[in-house]
Every structure is written in C-alpha cells, then in structure tokens.
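Peer 1: Top to bottom, those sequences are chains A and B.
Each residue of the first sequence is one higher than the one before, counting from 1 in my numbering.
Each residue of the second sequence is one higher than the one before, counting from 132 in my numbering.
One structure follows; several queries about it will come next.
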Amino acid sequence: MAQSNKEKSTKITALVVDDDMINRTIHHRLLDNLGIENEVVGNGKEAVDVHCSGKNFDLILMDKDMPIMNGIEATRKLREMGIRSLIAGVSSRSTEQEIQEFMEAGLDDYLEKPLTMSKLVTIIRKIDSNG
Amino acid sequence: MDLVQLQRQLVEYRTSLYHEGFLDEQFTQLQELQDENNPEFVVEVVTLFFEDSERLLNELTKALEQQNIDFNRVDAHVHQLKGSSSSIGAQRVQKVCIAFRNYCEEQNVEGCLKCLQQVKNEYSLVRTKLKSMFQLEQQILTAGGSIPM
Chain A
1 MAQSNKEKST KITALVVDDD MINRTIHHRL LDNLGIENEV VGNGKEAVDV
51 HCSGKNFDLI LMDKDMPIMN GIEATRKLRE MGIRSLIAGV SSRSTEQEIQ
101 EFMEAGLDDY LEKPLTMSKL VTIIRKIDSN G
Chain B
132 MDLVQLQRQL VEYRTSLYHE GFLDEQFTQL QELQDENNPE FVVEVVTLFF
182 EDSERLLNEL TKALEQQNID FNRVDAHVHQ LKGSSSSIGA QRVQKVCIAF
232 RNYCEEQNVE GCLKCLQQVK NEYSLVRTKL KSMFQLEQQI LTAGGSIPM
C-alpha cells in the first residue's frame with residue numbers, strides 16, 4: 001500500500017469527525033468538491049483510532065459535541081500523540097468559554113456550523129501556506 | 132402545463148420558501164454541491180434529515196411524557212435537531228429549537244411541550260413544502276427539461 005510522498009503531493013487529505021450523519025454527508029461532499037481526499041468517522045475515539053492505525057491527514061474537521069469521546073478530548077489526545085495536522089474545531093454557536101476550552105485543547109482554528117464552501121477555502125489556504 | 136411554465140412555477144415556489152423563512156442560504160449551499168456526478172445530492176441529504184427528524188421527534192415526545200422528565204436528554208435531542216435543521220437550511224425548525232433549548236435550561240415543562248408542538252408543526256410544513264418542490268423538479272426532468280438555479 002504505497003502512500004504518495006508528502007513532499008510533492010498536491011492532493012490535500014482530510015478527516016471529518018462528526019456524530020451527525022447529515023453533517024458528515026455534507027462535509028464529505030464539500031471536501032470532495034474541493035478535490036480533497038477525505039474520510040469520515042463518527043466520534044473522537046474513532047478519530048484517534050484511525051491515527052493509531054498509522055493514517056495521517058493534512059486537515060481534521062473536529063466536531064465538538066460527540067458521544068464516547070468529544071472533540072475537546074480527541075483534540076487533546078491527538079496533540080499528545082504528536083499529530084501536527086491542522087485541526088479546525090467545528091461547532092454550532094458556543095459560548096466564549098466553550099470556544100476557549102476547545103482552542104486550548106490544541107485547535108488551529110474554529111469554525112461555526114454550518115460549514116460552507118467559503119469557510120473551508122479559508123482553512124485550506126492555511127494548509128497551503130504551511131506546506 | 133408546458134416545460135417553461137413548470138420551470139417558472141418551480142422558481143417562484145422556491146423563492147417563496149426563502150421569503151417565508153422556510154429555507155435559508157444553507158439550502159442554497161446544498162444545491163451548489165449538486166452536479167452531474169452527484170445529481171441526487173439534495174434529495175439524499177434532505178431524506179436523511181426527514182428520517183433523523185422523525186426519530187428525534189418521537190424520542191422527544193416519549194421523553195416529555197415521562198413522570199420525571201430528564202431535561203438533559205430532552206436538550207440533547209433538541210440540540211441534534213437544531214444542528215441538522217441548520218445544516219440543511221430549515222430555518223423555521225431551527226428557530227423553534229433555539230427557544231426549545233431555553234425552556235429545557237429553565238426546566239419549564241409547559242414551555243417544552245409548547246415548543247414540541249411548534250417544532251412538529253414547522254417540521255411538517257417544511258417537509259410538505261420540500262416534497263412539493265422535489266415533485267415539481269421531477270416533473271421538469273421527466274418533461275426533458277433542466278432544473279433552473
């Protein structure tokens with residue numbers, strides 16, 4: 001299973017982490033439309049497990065409120081594991097405190113739901129500039 | 132009715148749904164994600180929304196019938212419904228959910244029951260309207276036309 005070398009890879013990869021099937025479907029399609037190879041999982045634990053299996057992604061769209069392991073815990077865990085991907089927290093309107101707690105867990109950015117093309121494009125530009 | 136009339140009827144109907152607040156820009160986002168490779172995208176997502184909402188409304192009814200209402204549970208369901216209605220652009224459903232969550236926080240049974248009824252009504256309305264819209268679209272496609280944006 002040869003993986004393309006990151007150096008010259010033009011294909012950005014992403015992981016959608018959301019417990020809501022409607023959001024997973026929409027975010028998957030949004031990313032597809034932007035030419036981004038992406039996978040979807042249903043909660044924070046699955047996101048951690050997929051990384052334990054050796055996979056890596058340029059971008060992680062992390063929902064906040066999920067069962068089994070929420071977005072805050074999952075983000076913390078991934079950072080502890082040394083994951084350097086761009087992690088964008090995604091949530092419906094939250095309080096300043098909640099956003100702060102989420103950011104402190106290790107997010108690079110925070111987006112309010114629902115996600116749109118233009119919000120995603122803003123985030124993706126950050127990946128390009130990081131190389 | 133000829134094709135041009137059908138197409139005009141669809142555009143007018145769709146516009147009215149936005150004007151009356153049944154749909155918002157998020158629905159437009161969904162339409163923009165539909166293309167030749169994903170020709171059924173909107174119907175697929177909206178169908179998911181119908182299934183999910185019906186499940187949640189049943190759960191909410193049961194939860195609010197209990198002797199000792201678990202408001203955290205009620206709130207969790209409303210939060211989900213608010214999220215999914217927002218994702219597809221079902222604005223009026225989403226608005227009721229916001230009020231509903233406030234009553235949950237106050238543990239106001241009467242308020243919650245009132246909101247449950249309201250959200251059921253709004254859901255029923257948007258479901259009927261979206262189904263009518265999809266029917267019009269299907270008629271246009273069957274007549275060999277394309278869906279106007």
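Where is the CB? At the ideal position from N, CA and C, for every residue including glycine.
Note that this is a predicted model, so its numbers are computed, not measured.
Under the assumption that A:Ile26 contacts B:Ser218 (Cβ atoms under 8 Å), give the Cβ distance between them as a whole number of angstroms.
Peer 2: 6 Å between Cβ atoms; contact.
Peer 1: Using only the alpha-carbon positions, how far apart do A:Cys52 and A:Leu78 sit?
Peer 2: So the alpha carbons of these two residues sit roughly 10 Å apart.
Peer 1: For the alpha helix (DSSP H) that B:Ser147 lies in, which residues bound it at each end?
Peer 2: Residues Leu134 to His150.
Peer 1: Determine which residues of the segment 17-30 of chain A have a Cβ less than 7 Å from any Cβ of chain B, and write them out in chain order.
Peer 2: If the cut-off is 7 Å between Cβ atoms, the segment 17-30 of chain A has Asp20, Met21, Ile22, Asn23, Thr25, Ile26, Arg29 and Leu30 near chain B.
Peer 1: Ordered along the chain, which non-local residues of its own chain (more than five positions away) have a Cβ less than 8 Å from that of A:Leu64?
Peer 2: At residue 64 of chain A the sequence reads Lys, which differs from the Leu that was named. Counting only Cβ-Cβ distances below 8 Å, and skipping sequence neighbours, we find Asn70, Gly71, Ile72, Gly89, Val90, Ser91, Ser94, Glu98 and Phe102.
Peer 1: With respect to 8 Å, is the separation between the Cβ of A:Lys113 and the closest non-hydrogen atom of the ligand FMN below this value?
Peer 2: Of ligands this structure carries none, so the ligand FMN is not represented either.
Peer 1: Go to A:Thr13, then tell me how far its beta strand (DSSP E) extends in each direction, as first and last residue.
Peer 2: Start and end: Thr13 to Val17.
Peer 1: So A:Thr116 packs on B:Gln160, CB below 8 Å; how close in whole Å?
Peer 2: That pair is a contact at about 5 Å.
Peer 1: Do A:Asp109 and A:Ile83 have their CB atoms nearer than 9 Å?
Peer 2: Result no, Cβ atoms of A:Asp109 and A:Ile83 do not sit closer than 9 Å.
Peer 1: Can you pull the chain A neighbours of B:Val176, defined as C-beta to C-beta under 9 Å?
Peer 2: Correct list: Ile22, Thr25, Ile26 and Arg29.
Peer 1: Can you tell me where the beta strand (DSSP E) with A:Ala88 in it begins and where it stops?
Peer 2: That run of the beta strand (DSSP E) goes Leu86 to Ser91.
Peer 1: Strictly under 9 Å for the Cβ-Cβ distance: is B:Asn169 near chain A by that measure?
Peer 2: By this cut-off, B:Asn169 is an interface position.
Peer 1: Does DSSP put B:Leu154 in a helix, in a strand, or in coil?
Peer 2: If DSSP states are grouped into helix, strand and coil, B:Leu154 belongs with coil.
Peer 1: Assuming contact is defined by CB atoms lying nearer than 9 Å, are A:Glu43 and A:Met21 in contact in what I supplied?
Peer 2: Note that residue 43 of chain A is Asn in the sequence shown here, rather than Glu. Cβ distance not < 9 Å, so A:Asn43 and A:Met21 don't count as in contact.
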